[in-house]
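Undergrad:
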Amino acid sequence: MRAGNDLVLVAELAGHSRLETTRRYSLPSDTDRQTAMDALTIDY
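FYI, in this note's numbering the residues of the sequence shown are 1 to 44.
1. Does T22 pass the burial test, meaning 16 or more other C-beta atoms within 10 Å, or should it be called exposed?
2. Along the alpha helix (DSSP H) that carries L9, what are the first and last residues, could you check?
3. So, using beta-carbon positions, are S26 and V8 closer together than 8 Å?
4. If you draw a straight line from the C-alpha of A39 to the C-alpha of T31, how long is it?
5. Please report the straight-line C-alpha distance between H16 and R24, rounded to a whole angstrom.
So this is what it looks like as structure tokens:
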């Protein structure tokens with residue numbers, strides 16, 4: 001996920017039948033959250 005792969009693809013490769021299972025193992029880290037916040041652009 002951190003490499004930019006799609007959640008559905010990762011779930012399929014991991015053999016998960018439910019996306020919730022994959023999501024549980026791929027929760028964002030604090031660094032992931034900060035990177036996402038830094039990438040946001042707000043137009044005022």
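Where is the CB? At the ideal position from N, CA and C, for every residue including glycine.
TA: Looking at the coordinates:
1. The residue in question, T22, is buried, as its Cβ has 16 or more Cβ neighbours within 10 Å.
2. 7-14
3. Contact: no.
4. 12 Å
5. 11 Å
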